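So the protein lines, in turn, are chains A and B.
Under my numbering, the first residue of the first sequence carries the number 1, and numbering increases by one thereafter.
Under my numbering, the first residue of the second sequence carries the number 495, and numbering increases by one thereafter.
Number of protein chains: 2
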Amino acid sequence: MAKARRKQRLSKREYQARVQALRENLLQMQVGMKNVPFKVLLLLAGPEGAGRGNLLHALTAWLDPRGLETFTFLPPTDEEREHPHQWRFWRSLPSAGRIGLYAGSWYTEALREAARDKRARDQLHHEAERIREFEKLLADSGTLILKVWLQLSREAQGRRLQALSNDPETAWRVTDEDWHHHRIYDRLAKTARRIRKLTDCPGARWTVIDAEDERRRDLLVGELLLARFKQQQKKAARLNRRMGPPRVVRPLRPSGLRRLRALPLDQDLSEEGYESQREKWLGRLNRAVREALEAGRSIVFVFEGWDAAGKGGAIRRLTSALDPREYGVISVAKPNDEEKHAHYLWRFWRQIPRDGRVAIFDRSWYGRVLVERLEGFCREDEWMRAFGELNRFEQQLTDHGIIVLKYWLHVSHDEQLRRFREREATAHKRHKLNAEDWRNRRKRRAYEIAVGDMLALTDTENAPWNLVPADSKRFARIEVLRSASRKIEAALED
Amino acid sequence: MAKARRKQRLSKREYQARVQALRENLLQMQVGMKNVPFKVLLLLAGPEGAGRGNLLHALTAWLDPRGLETFTFLPPTDEEREHPHQWRFWRSLPSAGRIGLYAGSWYTEALREAARDKRARDQLHHEAERIREFEKLLADSGTLILKVWLQLSREAQGRRLQALSNDPETAWRVTDEDWHHHRIYDRLAKTARRIRKLTDCPGARWTVIDAEDERRRDLLVGELLLARFKQQQKKAARLNRRMGPPRVVRPLRPSGLRRLRALPLDQDLSEEGYESQREKWLGRLNRAVREALEAGRSIVFVFEGWDAAGKGGAIRRLTSALDPREYGVISVAKPNDEEKHAHYLWRFWRQIPRDGRVAIFDRSWYGRVLVERLEGFCREDEWMRAFGELNRFEQQLTDHGIIVLKYWLHVSHDEQLRRFREREATAHKRHKLNAEDWRNRRKRRAYEIAVGDMLALTDTENAPWNLVPADSKRFARIEVLRSASRKIEAALED
Numbered sequence: 001m002a003k004a005r006r007k008q009r010l011s012k013r014e015y016q017a018r019v020q021a022l023r024e025n026l027l028q029m030q031v032g033m034k035n036v037p038f039k040v041l042l043l044l045a046g047p048e049g050a051g052r053g054n055l056l057h058a059l060t061a062w063l064d065p066r067g068l069e070t071f072t073f074l075p076p077t078d079e080e081r082e083h084p085h086q087w088r089f090w091r092s093l094p095s096a097g098r099i100g101l102y103a104g105s106w107y108t109e110a111l112r113e114a115a116r117d118k119r120a121r122d123q124l125h126h127e128a129e130r131i132r133e134f135e136k137l138l139a140d141s142g143t144l145i146l147k148v149w150l151q152l153s154r155e156a157q158g159r160r161l162q163a164l165s166n167d168p169e170t171a172w173r174v175t176d177e178d179w180h181h182h183r184i185y186d187r188l189a190k191t192a193r194r195i196r197k198l199t200d201c202p203g204a205r206w207t208v209i210d211a212e213d214e215r216r217r218d219l220l221v222g223e224l225l226l227a228r229f230k231q232q233q234k235k236a237a238r239l240n241r242r243m244g245p246p247r248v249v250r251p252l253r254p255s256g257l258r259r260l261r262a263l264p265l266d267q268d269l270s271e272e273g274y275e276s277q278r279e280k281w282l283g284r285l286n287r288a289v290r291e292a293l294e295a296g297r298s299i300v301f302v303f304e305g306w307d308a309a310g311k312g313g314a315i316r317r318l319t320s321a322l323d324p325r326e327y328g329v330i331s332v333a334k335p336n337d338e339e340k341h342a343h344y345l346w347r348f349w350r351q352i353p354r355d356g357r358v359a360i361f362d363r364s365w366y367g368r369v370l371v372e373r374l375e376g377f378c379r380e381d382e383w384m385r386a387f388g389e390l391n392r393f394e395q396q397l398t399d400h401g402i403i404v405l406k407y408w409l410h411v412s413h414d415e416q417l418r419r420f421r422e423r424e425a426t427a428h429k430r431h432k433l434n435a436e437d438w439r440n441r442r443k444r445r446a447y448e449i450a451v452g453d454m455l456a457l458t459d460t461e462n463a464p465w466n467l468v469p470a471d472s473k474r475f476a477r478i479e480v481l482r483s484a485s486r487k488i489e490a491a492l493e494d
Numbered sequence: 495m496a497k498a499r500r501k502q503r504l505s506k507r508e509y510q511a512r513v514q515a516l517r518e519n520l521l522q523m524q525v526g527m528k529n530v531p532f533k534v535l536l537l538l539a540g541p542e543g544a545g546r547g548n549l550l551h552a553l554t555a556w557l558d559p560r561g562l563e564t565f566t567f568l569p570p571t572d573e574e575r576e577h578p579h580q581w582r583f584w585r586s587l588p589s590a591g592r593i594g595l596y597a598g599s600w601y602t603e604a605l606r607e608a609a610r611d612k613r614a615r616d617q618l619h620h621e622a623e624r625i626r627e628f629e630k631l632l633a634d635s636g637t638l639i640l641k642v643w644l645q646l647s648r649e650a651q652g653r654r655l656q657a658l659s660n661d662p663e664t665a666w667r668v669t670d671e672d673w674h675h676h677r678i679y680d681r682l683a684k685t686a687r688r689i690r691k692l693t694d695c696p697g698a699r700w701t702v703i704d705a706e707d708e709r710r711r712d713l714l715v716g717e718l719l720l721a722r723f724k725q726q727q728k729k730a731a732r733l734n735r736r737m738g739p740p741r742v743v744r745p746l747r748p749s750g751l752r753r754l755r756a757l758p759l760d761q762d763l764s765e766e767g768y769e770s771q772r773e774k775w776l777g778r779l780n781r782a783v784r785e786a787l788e789a790g791r792s793i794v795f796v797f798e799g800w801d802a803a804g805k806g807g808a809i810r811r812l813t814s815a816l817d818p819r820e821y822g823v824i825s826v827a828k829p830n831d832e833e834k835h836a837h838y839l840w841r842f843w844r845q846i847p848r849d850g851r852v853a854i855f856d857r858s859w860y861g862r863v864l865v866e867r868l869e870g871f872c873r874e875d876e877w878m879r880a881f882g883e884l885n886r887f888e889q890q891l892t893d894h895g896i897i898v899l900k901y902w903l904h905v906s907h908d909e910q911l912r913r914f915r916e917r918e919a920t921a922h923k924r925h926k927l928n929a930e931d932w933r934n935r936r937k938r939r940a941y942e943i944a945v946g947d948m949l950a951l952t953d954t955e956n957a958p959w960n961l962v963p964a965d966s967k968r969f970a971r972i973e974v975l976r977s978a979s980r981k982i983e984a985a986l987e988d
């Protein structure tokens with residue numbers, strides 16, 4: 001953690017000279033930013049009176065406002081409350097090449113709660129862990145995160161609040177809560193030190209800046225932004241080496257591949273067996289889902305599987321048990337421009353349903369460790385890191401009470417071939433098959449390894465994988481209905 | 495308005511045969527849809543017991559759920575209430591090539607209100623007008639809108655509600671309100687007839703379908719969807735002729751061009767005059783904005799003008815009067831993939847601020863009648879229609895209480911040349927100039943005509959254009975601050 005530097009006050013003349021140079025450099029920086037593959041988050045925090053507002057004003061005057069977004073976080077709206085905690089922060093994120101100035105941030109609420117409530121103080125390390133994970137995820141993807149703590153002594157704070165109160169133009173800005181916080185200054189400072197210590201991590205360091213001299217404060221923050229941007233730019237240029245598909249694919253955790261291969265695919269179900277079972281499980285699933293939604297829980301289904309494994313058919317049987325007004329099916333295809341420039345999880349966060357809804361993903365965030373791994377759409381360190389990121393992503397969903405059900409539909413290589421040929425031969429099925437499907441088929445061995453790693457590394461207690469033998473469509477469809485009913489019932493009992 | 499057809503009940507056998515054919519055709523339709531440039535909205539309305547839920551179920555079972563979105567509208571969330579009325583409907587719209595099934599729609603609330611409240615019934619024609627405009631806008635852009643009214647007699651409704659109440663599985667679905675609506679059946683039916691009549695327009699016709707025979711009801715709606723889709727597909731193919739830039743650009747309304755040319759550009763302001771005026775107007779603007787936001791009003795600034803007219807500089811001076819936490823600057827560039835497939839206004843609706851915020855658009859929806867008109871990015875009928883659409887769009891903003899301030903920054907051809915040359919000669923300004931700017935400059939005459947038409951045809955009372963002589967940057971910047979302050983003050987007095 002960089003220490004606060006205390007020096008003699010900055011003269012107006014020196015300030016003006018340095019600001020002049022800084023402004024030109026910042027504008028140049030922003031011109032260059034349009035082509036960088038990362039975004040910048042500058043978080044400002046500190047006690048009342050430390051001048052977050054004025055600092056923000058200086059920064060926005062120096063920078064081109066067209067490349068900037070400024071955030072404060074008011075108490076969550078009802079839409080925000082009906083989503084996992086981090087959803088509101090995800091939806092605020094600026095896109096690559098832009099700067100987000102956070103006058104409030106994920107720290108605001110944590111600090112406010114901790115000031116108010118002893119229990120929240122005891123839970124601070126939990127909150128800190130959540131923040132660490134979020135910031136690590138962003139930093140790992142190349143985001144430049146600058147966290148500035150504006151330091152102000154108790155005495156200086158008292159003088160500032162008094163001065164603001166005395167001026168009729170600004171008196172409205174000083175609230176009773178501000179004075180209360182002034183009285184408990186020491187306790188708040190201690191809590192703030194603690195959260196800074198807990199969240200001072202590589203890629204998301206705190207810089208403590210003395211806020212007493214306003215000119216120096218603004219200048220130091222501006223210069224920090226500039227310096228750290230240049231560092232990050234160099235780092236990004238180094239990383240920006242060409243990606244390509246791996247030549248050899250080796251399993252990271254062979255147990256997953258063994259589990260996949262051990263799945264018995266010869267299970268079948270007669271036409272009559274199917275008809276009778278279907279009615280039973282559709283009814284049961286309908287009741288389980290209705291109960292979950294009424295309790296304000298959401299359900300997220302994830303369908304992954306081989307091409308022609310029957311994901312579409314399974315989804316149709318599943319939706320026939322649901323009220324069309326309560327679910328949405330999200331088909332995941334290649335990302336669009338906007339999505340390409342964002343974190344790979346961003347487009348999925350956008351689709352996470354509000355409380356009391358069902359979302360069915362036809363392919364999902366697992367593309368990161370399947371197609372993106374094998375086709376070289378991301379670097380090795382990126383897909384390697386993704387396993388943990390995906391687990392933590394789903395953990396956030398289930399922490400919010402969302403029931404996450406993941407299905408891998410497994411067909412044998414032979415059965416897949418039979419279905420491909422059938423599609424070729426049937427006029428109204430031909431659109432379902434293209435050259436890419438044949439290409440992927442030829443890479444079955446590599447894909448099996450990637451699927452195995454996925455099964456082994458993302459099979460968590462809160463969001464386990466369901467492997468469905470799908471050589472028999474009837475069997476697979478019933479299996480999905482049955483396991484979904486049971487899992488939802490079990491989740492409601494917990 | 496197509497009349498309800500009453501026939502003898504459909505036999506189960508006939509039903510099954512027709513459903514079989516229908517399903518195949520619907521799935522084929524959806525395969526073809528992926529490549530059509532339009533979306534489909536199917537609205538279902540009708541009295542309780544008419545079976546909207548069951549019909550929806552049938553439709554979603556027949557169609558591929560991956561190309562579908564289903565909507566109901568619950569009472570608006572707080573985020574929705576803090577936006578213009580139509581915002582929630584805009585954000586629901588599916589993208590081109592997809593089907594939106596509306597179990598609830600913009601009619602739901604209008605009908606519910608009218609059932610409850612005599613005043614709402616008297617205002618029904620206002621509500622109907624709003625709906626007509628919205629549907630016309632969508633239909634004009636090629637959206638297929640199907641509106642189905644499920645007809646059910648009072649007696650049949652009574653029987654249905656009773657049957658539902660008697661079954662313990664469905665009794666929860668029948669509310670006291672349903673029975674109340676049954677008692678006032680005749681009044682509701684009259685209101686419904688009235689709103690149907692008021693909103694039965696080309697491109698958004700009502701079809702009344704007898705809902706007593708459930709099989710026939712579902713089948714007729716499915717067949718209607720299929721038939722109308724095919725019609726629309728043919729129509730779209732006819733329209734899909736190549737677009738190109740117009741060879742000659744003639745003014746639609748020469749008064750705008752005259753107004754543009756009459757603007758005196760020789761106004762200037764000395765350095766000292768600028769300094770003193772700036773402080774005065776920044777302070778006044780700051781107070782006016784603060785007052786507006788505290789009153790829950792939003793402010794939308796629109797900046798249009800020639801290349802190098804000084805939009806960026808004017809925006810920076812303007813933002814220096816604002817609290818960075820309360821405004822956002824939206825730079826409008828070429829649309830991304832997602833935006834390209836949506837209605838041209840959709841991406842602006844997404845950016846309309848919540849109550850109590852400032853949004854500054856650096857270029858805007860007026861691109862439709864400027865660059866898109868002149869470069870042939872849309873058809874002539876499209877940009878011709880846009881003038882009225884833009885007016886109605888802004889009307890919706892101002893109806894919600896948003897203050898809309900539009901600026902055209904005007905520089906002479908000579909001054910523009912001087913600035914282009916200066917940009918070329920100055921290292922840190924060179925990025926601001928590209929080949930396209932020179933190309934646009936050569937088309938000055940055509941652009942003047944388009945600007946003139948824009949000024950003449952979108953200069954409305956609620957959102958008038960402010961023409962700013964901008965050959966002097968100092969003069970222009972003060973002019974923006976001055977007029978913004980005064981207009982906001984005036985808006986607050988109204």
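The beta-carbon is built from N, C-alpha and C at its ideal position, and this holds for glycine as well.
Every value quoted in this text rests on a predicted model; they were computed, and no experiment measured them.
- Item | A/Val221 at chain B interface by Cβ criterion, 8 Å | No Cβ of chain B is located within less than 8 Å of the beta carbon of A/Val221.
- Task: From the DSSP output, read off the bridge partner residues of B/Trp840.
- Result: According to DSSP, which records beta bridges pairwise, B/Trp840 is partnered with nothing at all.
- Message: Would you say B/Asp743 lies against chain A (beta-carbon separation less than 8 Å)?
- Response: According to the sequence as given, residue 743 of chain B is Val; it is not Asp. No, B/Val743 does not count as interfacial toward chain A.
- Integer Cβ distance of A/Leu150 from A/Leu101, believed to fall under 8 Å: No, A/Leu150 and A/Leu101 are not in contact; Cβ-Cβ is about 14 Å, not under 8 Å.
- Query: For B/Val905, which residues from the same chain have a beta carbon less than 8 Å from its beta carbon, with the 5 sequence-adjacent residues on both sides left out?
  - Reply: Taken in chain order, the residues that qualify are Leu759, Gly799, Trp800, Ala802, Ala803, Gly804, Arg913, Ala964 and Asp965.
- Item | C-alpha gap between A/Arg217 and A/Leu68, whole angstroms | A direct Cα-Cα distance of roughly 20 Å separates A/Arg217 from A/Leu68.
- Message: With a threshold of 6 Å on Cβ separation, who are the neighbours of A/Arg477 within its own chain once the five nearest residues in sequence on each side are excluded?
- Response: Answer for A/Arg477: Ala314 and Arg317, listed in chain order.
- Close beta carbons around A/Leu124, own chain, < 8 Å, minus the five adjacent residues each side: Cβ neighbours of A/Leu124 beyond the five flanking positions: Ala110, Ala114, Thr191, Arg194, Ile195 and Leu198.
- Item | Supposed contact pair A/Leu55 and A/Leu44 - C-beta distance, whole angstroms, cut 8 Å | Confirmed, Cβ separation roughly 6 Å.
- Is it true that the region 933-951 of chain B meets the region 749-756 of chain B, where meeting means three or more beta-carbon pairs spaced less than 8 Å apart? Yes: the two stretches touch, three or more of their Cβ pairs being nearer than 8 Å.
- Which residue from B/Asp694, B/Ser659 and B/Arg648 puts its Cα closest to that of B/Leu682? Ranked by Cα distance from B/Leu682, the first of B/Asp694, B/Ser659 and B/Arg648 is B/Arg648.
- Query: Excluding sequence positions up to five away, which residues of its chain have a Cβ less than 7 Å from the Cβ of B/Ala984?
  - Reply: Once the five neighbours on either side are set aside, B/Ala984 has no close Cβ partner at all.
- Query: With a cut-off of 8 Å, does the C-beta of A/Thr72 fall near any C-beta of chain B?
  - Reply: Interface with chain B (8 Å Cβ-Cβ cutoff): A/Thr72 is included.
- Could you check the C-alpha separation between B/Ala498 and B/Ile639 for me, to the nearest Å? Reliability fails at B/Ala498, whose pLDDT of 47 lies under 50, so the model's placement of it is uncertain and the value that follows must be treated cautiously. Straight-line Cα distance between these residues: approximately 19 Å.
- Message: Between B/Ile809 and chain A, is the shortest Cβ-Cβ distance under 8 Å, so that the two count as touching?
- Response: At least one beta carbon of chain A lies nearer than 8 Å to the beta carbon of B/Ile809.
- Does A/Gln233 come within less than 8 Å of chain B when only Cβ atoms are used? Cβ-Cβ to chain B under 8 Å: no for A/Gln233.
- Contact check, A/Gly376 vs A/Val332, beta carbons under 8 Å: Pairing A/Gly376 with A/Val332 gives a Cβ-Cβ distance that is not under 8 Å.
- Message: Please state the DSSP three-state secondary structure of B/Ala940.
- Response: When DSSP states are grouped into helix, strand and coil, B/Ala940 belongs to the helix group.
- Query: Can you name the residues that DSSP bridges to A/Leu204?
  - Reply: Before going further, note that residue 204 of chain A is Ala rather than Leu in the sequence given. DSSP lists A/Cys201 as partners of A/Ala204.
- Message: Can you tell me whether B/Lys641 is buried or exposed? The criterion is at least 16 other CB atoms within 10 Å of its CB, across all chains shown.
- Response: Per the 10 Å Cβ criterion, buried.
- Just the chain B side, please: which residues come within less than 8 Å of A/Gln28 by C-beta, in chain order? Chain B residues near A/Gln28: His922.
- With distances taken Cα to Cα, identify the nearest neighbour of A/Lys34 among B/Asp611, B/Lys926, B/Glu663 and B/Lys981. Residue B/Lys926 is the option with its Cα nearest to A/Lys34.
- State the Cα-Cα distance for the pair A/Phe387 and B/Asp988, rounded to the nearest angstrom. It is roughly 58 Å from the alpha-carbon of A/Phe387 to the alpha-carbon of B/Asp988.
- Query: Smallest Cα separation from B/Arg653: which of B/Pro740, B/Asp670, B/Gly636 and B/His676?
  - Reply: Of B/Pro740, B/Asp670, B/Gly636 and B/His676, the residue nearest in Cα terms is B/His676.
- List the endpoints of the continuous alpha helix (DSSP H) containing A/Ile131. Taken as a continuous stretch (DSSP letters only), the alpha helix (DSSP H) holding A/Ile131 covers Leu124 to Asp140.
- Task: Over the uninterrupted alpha helix (DSSP H) stretch that includes A/Val480, give me the two end residues.
- Result: For A/Val480, the enclosing alpha helix (DSSP H) stretches over residues Lys473 to Glu493.
- Item | Chain-ordered residues of the region 174-186 of chain A with a beta carbon less than 8 Å from chain E | The structure shown has no chain E; the protein chains it does contain are A and B.
- Message: If distances are taken between C-alpha atoms only, which option among A/Pro246, A/Phe348, A/Glu338 and A/Ala342 comes closest to A/Ile330?
- Response: Comparing alpha-carbon positions, the option among A/Pro246, A/Phe348, A/Glu338 and A/Ala342 lying closest to A/Ile330 turns out to be A/Phe348.
- Message: Taking CB distances under 8 Å as the criterion, tell me whether A/Gly305 reaches chain B.
- Response: Not closer than 8 Å to any Cβ of chain B, the Cβ of A/Gly305 fails to qualify, so no.
- At 7 Å on the CB atoms, spell out the chain B contacts of A/Asn336, in chain order. By Cβ distance, chain B contributes Asn830, Asp831 and Glu832.
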